[in-house]
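Worksheet: the structure to be examined is printed underneath.
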């Protein structure tokens, strides 16, 4: 089960990646979704990654 807020984070990341070809930085996620801090954005991204919704790629 995914929370409403995490769905918003996931949708923003997916849309951003589709438009720009790379994922947004945490500050952009915080700003767009009006989160209280970058660490809150990091928390949601980490939970999405742990649940298998996101994966982290090595820098190319």
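Numbering (the numbering used here), first residue to last: 1099 to 1158.
Beta carbons: idealized from backbone N, C-alpha and C, even for Gly.
Source: prediction; values computed, not measured.
Candidates the options, of which the one nearest residue i by Cα
i: residue 1104; options: 1134, 1120, 1139 and 1126; result: 1139
i: residue 1153; options: 1114, 1102 and 1121; result: 1121
i: residue 1128; options: 1117, 1118 and 1143; result: 1143
i: residue 1108; options: 1156, 1149 and 1155; result: 1149
i: residue 1193; options: 1151, 1137 and 1117; result: A query on residue 1193 cannot be resolved here, the shown segment of the chain reaching from 1099 to 1158 and no further.
i: residue 1130; options: 1155, 1099, 1147 and 1114; result: 1114
Under the three-state DSSP convention, the category residue i falls into
i: residue 1146; result: helix
i: residue 1134; result: coil
i: residue 1121; result: coil
i: residue 1111; result: helix
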